[in-house]
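Trainee: Here it is: the structure, laid out below.
Protein chains: 2
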Amino acid sequence: MDLKVEPRTVQVQTANKLRDAILSGYFKPGQRLVESELCERMEVSRTSMREALRGLEAEKLITIIPNRGPSVAEITWEEAKAIYDVRAILEGEAAALFSQCATTEQRRVMTQALAAFAEAAEANDAMGRLTSTGRFYEVMLQGCGNSIISELLQGLVARINFLRARSMSNPGRDKYSSTEMRRILKAIEKKDADGARAAAVEHVRAACAAAEAVFEPRRAA
Amino acid sequence: MDLKVEPRTVQVQTANKLRDAILSGYFKPGQRLVESELCERMEVSRTSMREALRGLEAEKLITIIPNRGPSVAEITWEEAKAIYDVRAILEGEAAALFSQCATTEQRRVMTQALAAFAEAAEANDAMGRLTSTGRFYEVMLQGCGNSIISELLQGLVARINFLRARSMSNPGRDKYSSTEMRRILKAIEKKDADGARAAAVEHVRAACAAAEAVFEPRRAA
DNA sequence: TTTACATGATTGTATGACAATCATAATGTC
DNA sequence: GACATTATGATTGTCATACAATCATGTAAA
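Heads up: the protein sequence lines correspond to chains A and B, in order.
For the first sequence, position 50 matches number 50 in this note's numbering, and the numbering has no gaps at all.
Counting from 1 along the second sequence, just add 1000 to a position and that's the residue number in this note's numbering.
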């Protein structure tokens, strides 16, 4: 059990809340983030706010142009595509690694998460889908034995999160997702590294295709 | 030609200089970085310094513990190994991609960089080795068509840079490096994607082995 | 030796200030 | 009226200062 209790500084909390706001789509890509407004609404000083913003900038979630200030990072489809490609490689590797060292307990949790996902999909419960897929991948990434893969993927997924939110609304995608994840798990249970990798790659490819369908670049004026 | 001229804010310059100082090994892993001292030596305000530090923290080059302040990030061998593994995967992919789309001009530059490396190795010119290998990889990564790969690799390499500095001093490693890079280039010239990937992976594996040899974890007290 | 307390150093946060820069409205000129 | 120029205001970048909270360390007491 993890009993660590770490101080939650204002700056960290600010960064977390801003991150959530961006990932949830509350702040949209391209939107300017005015310091004074943010400070007022979140009731923190400019000092803390600016430190938090620097952190998010390094995470590539926002872009800070000197003398113009921060705005939510925009992304071209080319970049998004590149992210999906790398994601496929890394998630595939994670699945392959995990298939060789998964414990029965871990497989049990994934099975359970998968069931929860199916249930949430049935009930059209967006929140439930997110938490269940989150658990599914968390087990796999934490368990794959390479902490860097999970770290990088977390960063990459964050940067295309807004696309996921849009493509998730695509009706019917749930069914496919469910099938794709089941295939991953099946391969893991058979300790089939290549199969697990292929299934994970396929899953990302499908997500990429779904994202491309809903991607809208800057509209021509 | 790139004529862009962007404002160089104090904060950015501070972050850059600190980054260089860490990568060059001037600040060593584990070393505490006291704000007031840094501010005094670099002649910037705490405001700018702290913003710069937040950026470096997000890059994982330093660790900031609340109420204790920043220190140069330490790394376990487990993490370093994980980084090398991911690096092998990503550099392999980059080499494979690049082999399919390299222009003759790009290959020419790489050939030239390789020659410069051999020359620098001969002359025992540490600086020359760094710049020539840098050019070699820059062409490949910029040219591979996936900007995310190059972005991630840059971050990963930075985190194990201090290991590279140590293992480079390993006599004889140069010769191997040279051979390994030549193999990569050969495969690229033959447009052999699998060969290029294999050669790149092999190169990273060798670097990893060299790093392991010089890795010293925290000495038992 | 261990515990408790006191002391100083360092960090986290807030505030106020001001110059530099940007965005835009107002002005003048052709 | 269209365009160039000039004010105007808003926003950012940077600094100095202040102070409470926390940490690190030494000293005194049990």
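Ideal Cβ placement from N, Cα and C applies to all residues, glycine included.
From a predicted model like this one, the values you see are computed outputs, not experimental measurements.
1. Need the endpoints of the beta strand (DSSP E) that SER71 (chain A) sits in, please.
2. If you follow the alpha helix (DSSP H) that ILE1184 (chain B) is in, where does it begin and where does it stop?
3. How many Å lie between THR1179 (chain B) and SER1167 (chain B) at the Cα?
4. So, for ALA165 (chain A): in the same chain, excluding its five sequence neighbours on each side, which residues have a beta-carbon less than 6 angstroms away from its beta-carbon?
5. First and last residue of the alpha helix (DSSP H) that includes THR76 (chain A)?
6. Could you please give me the residues that DSSP links to ILE1229 (chain B) through a beta bridge?
7. Can you list the residues of chain B that ALA54 (chain A) reaches, using a CB-CB cut of under 8 angstroms?
8. Would CYS245 (chain A) be called buried (16 or more neighbouring beta carbons within 10 Å of its own) or exposed?
9. Considering only their Cβ atoms, is the gap separating ALA95 (chain A) from ALA199 (chain A) smaller than 8 angstroms?
10. Which bits of chain B does SER167 (chain A) rub up against, with CB to CB less than 7 angstroms?
11. Please report the Cβ distance between SER1044 (chain B) and THR1014 (chain B), rounded to the nearest whole angstrom; I am assuming they are in contact, meaning their Cβ atoms lie under 8 angstroms.
12. On the CB-based measure, 16 or more other CB atoms within 10 Å of its CB, does GLN11 (chain A) come out buried or exposed?
13. Less than 8 angstroms between the beta carbons of CYS101 (chain A) and GLY145 (chain A), yes or no?
14. Can you name the residues of chain B whose CB is closer than 9 angstroms to the CB of VAL86 (chain A)?
15. Look at the alpha carbon of ARG1008 (chain B) and the alpha carbon of ARG129 (chain A), and state the distance between them as a whole number of angstroms.
16. Using the three-state DSSP reduction, which class does ARG8 (chain A) fall into: helix, strand or coil?
17. Does THR103 (chain A) come within less than 8 angstroms of chain B when only Cβ atoms are used?
18. In whole angstroms, what is the alpha-carbon distance linking LEU1152 (chain B) and LEU152 (chain A)?
19. Output yes if chain A places a C-beta closer than 8 angstroms to the C-beta of THR1047 (chain B); else output no.
20. Quick one: does ILE1083 (chain B) have its CB under 8 angstroms from some CB of chain A?
21. Work out the CA separation of LYS1017 (chain B) and ARG1046 (chain B) for me, nearest whole Å.
22. Taking Cβ positions, are ILE65 (chain A) and LEU53 (chain A) nearer each other than 8 angstroms?
23. List the whole-angstrom C-beta distance separating ALA1206 (chain B) from TYR1176 (chain B), where the pair is believed to meet the contact cut-off of C-beta under 8 angstroms.
24. If the criterion is Cβ atoms closer than 8 angstroms, does the pair GLU1123 (chain B) and SER1132 (chain B) meet it?
25. Is it right to say HIS1203 (chain B) is buried, meaning 16 or more other beta carbons lie within 10 angstroms of its own, or is it exposed?
26. Measure the C-alpha to C-alpha separation of MET181 (chain A) and ALA210 (chain A) and round it to an integer number of angstroms.
Mentor: The relevant details are as follows:
1. Position 71 of the first sequence, counted from the first residue, corresponds to residue 71 (chain A). Here the beta strand (DSSP E) through SER71 (chain A) covers 69–72.
2. The residue you call residue 1184 (chain B) lines up with position 184 of the second sequence. Residues 1173–1189.
3. Residue mapping note: residue 1179 (chain B) aligns to position 179 of the second sequence, counting from 1. Residue mapping note: residue 1167 (chain B) aligns to position 167 of the second sequence, counting from 1. Computed Cα separation, rounded: 17 angstroms.
4. Sequence index remark: in the first sequence, residue 165 (chain A) carries index 165 (1-based). Counting only Cβ-Cβ distances below 6 angstroms, and skipping sequence neighbours, we find GLY25.
5. In the first sequence, the residue the question calls residue 76 (chain A) occupies position 76. Here THR76 (chain A) belongs to no alpha helix (DSSP H), and DSSP marks it neither H nor E.
6. Nothing can be reported for residue 1229 (chain B), as the shown portion of chain B is limited to 1001 through 1221.
7. Position 54 of the first sequence, counted from the first residue, corresponds to residue 54 (chain A). Residue 54 (chain A) is actually Arg in this sequence, not Ala. Simply GLN1011, GLU1051, ALA1052, ARG1054, GLY1055 and ALA1058.
8. One cannot answer for residue 245 (chain A) here, as it falls past the ends of chain A, which runs 1 to 221.
9. Reading the first sequence from its first residue, position 199 is the one you call residue 199 (chain A). Reading the first sequence from its first residue, position 95 is the one you call residue 95 (chain A). For ALA199 (chain A) and ALA95 (chain A), yes; Cβs fall inside 8 angstroms.
10. The residue given as residue 167 (chain A) occupies position 167 in the first sequence. Per Cβ cutoff of 7 angstroms: no residues; SER167 (chain A) is ~19 angstroms from chain B at best.
11. In the second sequence, counting from the first residue as 1, residue 1044 (chain B) sits at position 44. In the second sequence, counting from the first residue as 1, residue 1014 (chain B) sits at position 14. A small fix is needed here, since residue 1044 (chain B) is Val in this sequence, not Ser. About 5 angstroms; that satisfies the 8 angstroms criterion.
12. Within the first sequence, numbered from 1, the residue matching residue 11 (chain A) stands at position 11. Burial call: buried.
13. Here residue 101 (chain A) corresponds to residue number 101 of the first sequence, with the count starting at 1. Here residue 145 (chain A) corresponds to residue number 145 of the first sequence, with the count starting at 1. Yes.
14. Taking the first sequence and counting its residues from 1, the one referred to as residue 86 (chain A) is at position 86. Those within 9 angstroms of VAL86 (chain A) in chain B are LEU1090, GLU1093, ASN1146, ILE1148, ILE1149 and LEU1152.
15. Position 8 of the second sequence, counted from the first residue, corresponds to residue 1008 (chain B). Position 129 of the first sequence, counted from the first residue, corresponds to residue 129 (chain A). Those two C-alpha atoms are separated by around 45 angstroms.
16. Taking the first residue of the first sequence as 1, we reach residue 8 (chain A) at position 8. If DSSP states are grouped into helix, strand and coil, ARG8 (chain A) belongs with coil.
17. Residue numbering aside, residue 103 (chain A) sits at position 103 when the first sequence is read from its first letter. Chain B, which has no Cβ nearer than 8 angstroms to the Cβ of THR103 (chain A), makes this no.
18. For the purposes of this step, residue 1152 (chain B) is taken as residue 152 along the second sequence, with counting starting at 1. For the purposes of this step, residue 152 (chain A) is taken as residue 152 along the first sequence, with counting starting at 1. Each residue's Cα considered, the two are about 8 angstroms apart.
19. Here the question's residue 1047 (chain B) lines up with position 47 in the second sequence. Yes, because at least one Cβ of chain A sits closer than 8 angstroms to the Cβ of THR1047 (chain B).
20. Against the second sequence, residue 1083 (chain B) aligns to sequence position 83. At least one chain A Cβ lies under 8 angstroms of ILE1083 (chain B).
21. Counted from its first residue, the second sequence places residue 1046 (chain B) at position 46. Counted from its first residue, the second sequence places residue 1017 (chain B) at position 17. About 15 angstroms.
22. Taking the first sequence and counting its residues from 1, one reaches residue 65 (chain A) at position 65. Taking the first sequence and counting its residues from 1, one reaches residue 53 (chain A) at position 53. Against a cut-off of 8 angstroms, the Cβ pair of LEU53 (chain A) and ILE65 (chain A) comes out as no contact.
23. Along the second sequence, read from residue 1 onward, the residue named residue 1206 (chain B) stands at position 206. Along the second sequence, read from residue 1 onward, the residue named residue 1176 (chain B) stands at position 176. Confirmed, Cβ separation roughly 6 angstroms.
24. Position 123 of the second sequence, counted from the start, is the residue given in the question as residue 1123 (chain B). Position 132 of the second sequence, counted from the start, is the residue given in the question as residue 1132 (chain B). Residue identity differs from the one stated: residue 1123 (chain B) is Ala in this sequence, not Glu. Their beta carbons are not under 8 angstroms apart, which means ALA1123 (chain B) does not touch SER1132 (chain B) by this criterion.
25. Numbered from 1 along the second sequence, position 203 holds the residue referred to as residue 1203 (chain B). With 16 or more Cβ atoms within 10 Å of its Cβ, HIS1203 (chain B) is classed as buried.
26. The residue you call residue 181 (chain A) lines up with position 181 of the first sequence. The residue you call residue 210 (chain A) lines up with position 210 of the first sequence. Roughly 16 angstroms separates the two Cα atoms.
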